[in-house]
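Before any comments, here is the structure.
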C-alpha cells in the first residue's frame, strides 16, 4: 500500500503569514501523495467583526447562522483556501482547493437541535473518495477547507479536525494513511507551561488516566477523540505536534496508538 | 471530436437567486461535457460597501487593490462558487470549483501600469488544460470563478468573459467547443429598448459597420471582441443571449461568425 499523508493545520499556522509560507514551501516538497486540511477560525472572526456580524461560540464551537455561514464560506473556501493553493503552485506543488461540496466529496447532516442550535453545522455522514483519489493519482494535491454539504444544496460548517479524520478513515481502504494534526505545541503536554513534558504516546489505557488526573482537559479531548476514532478505523499513524514532525521523523511529537 | 459547452453567466443570473436556481437545474441536466464560468460583480460591490472598502471602477473594469482582491476572492471563489457547486450537486451534477490557481489552470500577468494602475488585475498568459480535462473525462463539471494567478503566489482578478474565451480556445485543440455568453438580453440588439431587434449574426464585415453606425457601443465591444478572438482561434460556435439558447437550439440569439 502506498503512503498518503493527511495534514491538518489550524490557526497557529494560518494566522501567521510567515509561518504559513515556510510550512507550505516544505509541504510542497513532500514527495508522497498528500492532502492538506485547514481551519481558519480567527480570520472568520475578524471578518465577522469587520462586517458587524455577531460571533457566538459554545464550548469552542461556532454557532453558525446564515450570516456566519456566509462569512465562513468566504473566509475558508475563498480567502484562505485560494491563497494556499496559489502559494503551493509557486512552490511547484500542483494543488486544487476543495470544500466537501466539490466532487461531492463530504456529505454531512445538519446537526439536530438539542440543547443548543448550532445552526448550519454539519456532522459528517459519508466521504466519497473518487474525485480526490483521481487527482492524487495524477500527483495533484487536494486542499480542504472546513466546509461540507448536505447534498441538497446546503453548505455546512464542519470541524476541520473531523474532516481530516474522516478523510483519513475513508482513504485507509486504499492507502497507508498517516494523519498529522499540527498545532502550536510539540505535542500533548503533561504541564501546559512546559514544552519538555510531552506525552510521547497516548493509548486508550493511559488516555483514561490522563483525563482522570486532569492532565488532558476539555480543549484537547475532542481532538484526541478524533485521533482514536481514526486509529480504530485502520488509519495507520496519527500524530499531534508541530509541523516539524512532518519533515523530520525523529522530531518529538505525540503519537496516538491503539 | 466531442462537443464541450463552455457557458459564461454574469450578474443578470447570479444576482437573482431564483433565476440562478432555475438555470443551474437545467445546466445540471445537460448531458455533454461542460464548463461553467461565472462573474459576480454586484455581490463583490455590496460586500465592499458592507466592509467600508471603496469601490473604484474605470471604464467598467474594477480597480483591484489588495483589499478589493481579498473581497473578490471571498465573494467569487468563496460565496458564489461554493454555493453554485453545492446547488449543482443537489441536481446530481458532480461539480468542482476552480479558480485559475487550482490545478495551475490559468496563469496571468499582472497588468502593467499605463495610464491607469488596475492593481491586481491579470491578463491571461497561458491555460493548462490537463487537470480540467481529467475531470471532464470523468464526467465532473468544472465551475470557474473570475480569478487567475501569476504562478508566483499572487491571485489576480480577471474578466470572466476573457476566462471563458481563453478556456474555449485552449480546449478547442481537443474538443468541438461551443461558447455561450449568457446575459440579460436575447442577443445583441439594434435598438437597446426593443428585444425584437436582435442581430442574429455578427461577422467581421457587419461588425465594423455596426460600430460605425453607433449600434454596437462601448459596453458591448470588449464582449464581442472576446467572441471574435475565440472564433478566430478555432472555437466552433460562439453565441450571446439568454440562457434559453443553451437548452433550446432554435431560441433566438446572436451568433458570432467569422
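Chains as they are written, first to last, in our numbering: chain A, 1 to 258; chain B, 1001 to 1258.
The C-beta atom is built at its ideal place from N, Cα and C for all residues, glycine as well.
Test: residue i CB closer than 8 Å to a CB of chain A
i	result
residue 1068/B	no
residue 1212/B	no
residue 1152/B	yes
residue 1131/B	yes
residue 1082/B	yes
residue 1124/B	no
residue 1140/B	yes
residue 1096/B	yes
Pair within 8 Å by beta-carbon distance, residue i and residue j
i	j	result
residue 1141/B	residue 1006/B	no
residue 105/A	residue 122/A	no
residue 167/A	residue 37/A	yes
residue 1211/B	residue 1238/B	no
residue 101/A	residue 158/A	no
residue 234/A	residue 172/A	yes
residue 68/A	residue 48/A	yes
residue 143/A	residue 98/A	yes
residue 1132/B	residue 1103/B	yes
residue 39/A	residue 146/A	yes
residue 185/A	residue 150/A	no
residue 1177/B	residue 1254/B	no
residue 169/A	residue 230/A	yes
residue 175/A	residue 4/A	yes
residue 1096/B	residue 1156/B	no
residue 1092/B	residue 1028/B	yes
residue 1008/B	residue 1161/B	yes
residue 1/A	residue 1050/B	no
residue 1258/B	residue 1203/B	yes
residue 1243/B	residue 1013/B	yes
residue 250/A	residue 198/A	no
residue 26/A	residue 94/A	no
CB contact below 8 Å: residue i versus chain B
i	result
residue 73/A	yes
residue 90/A	yes
residue 85/A	yes
residue 99/A	yes
residue 77/A	yes
residue 13/A	no
residue 36/A	no
residue 246/A	no
residue 136/A	no
residue 199/A	no
Cβ-based burial, residue i [other Cβ within 10 Å; buried from 16]
i	result
residue 245/A	buried
residue 1248/B	exposed
residue 220/A	buried
residue 1194/B	exposed
residue 1113/B	exposed
residue 218/A	exposed
residue 130/A	exposed
residue 115/A	exposed
residue 66/A	exposed
residue 1209/B	exposed
residue 190/A	exposed
residue 1214/B	exposed
residue 82/A	buried
residue 10/A	buried
residue 1060/B	exposed
residue 165/A	buried
residue 17/A	exposed
| Inter-stretch contact at 8 Å, needing at least 3 Cβ pairs: the region 65 to 75 of chain A / the region 1070 to 1078 of chain B | Yes, the region 65 to 75 of chain A is in contact with the region 1070 to 1078 of chain B.
| message | Measuring CB atoms only, is the region 1052 to 1069 of chain B touching the region 1112 to 1119 of chain B, in the sense that at least three cross pairs come out at less than 8 Å? | response | Counting Cβ pairs under 8 Å, three or more are found: they touch.
| query | Just by C-beta distance, which residues in the region 1101 to 1113 of chain B are closer than 8 Å to chain A? | reply | Answer in chain order: 1101, 1102, 1103, 1104.
| field | Near-chain B residues of the region 40 to 64 of chain A (beta-carbon distance less than 7 Å), N- to C-terminal order | value | Cβ contacts with chain B: 50, 51.
| Looking at chain B, which residues of the region 146 to 179 of chain A have a Cβ within less than 8 Å of any of its Cβ atoms? | Along the region 146 to 179 of chain A, going in chain order, the ones with a CB nearer than 8 Å to a CB of chain B are 147, 149, 151, 152, 153, 154, 155.
| task | Could you name the residues of the region 5 to 31 of chain A whose beta carbon sits closer than 8 Å to any beta carbon of chain B, in the order they occur along the chain? | result | Cβ contacts with chain B come from no residue of the region 5 to 31 of chain A.
| said: For the region 1181 to 1198 of chain B against the region 1214 to 1228 of chain B, do three or more pairs of beta-carbon atoms, one drawn from each stretch, fall closer than 8 Å, so that the two count as touching? | reply: Using a C-beta cut-off of 8 Å, the region 1181 to 1198 of chain B makes contact with the region 1214 to 1228 of chain B, since at least three inter-stretch Cβ pairs fall below that distance.
| field | Members of the region 1211 to 1231 of chain B that neighbour chain A once the beta carbon cut-off is set at 7 Å | value | Going along the region 1211 to 1231 of chain B in chain order, one finds no residue with a Cβ nearer than 7 Å to chain A.
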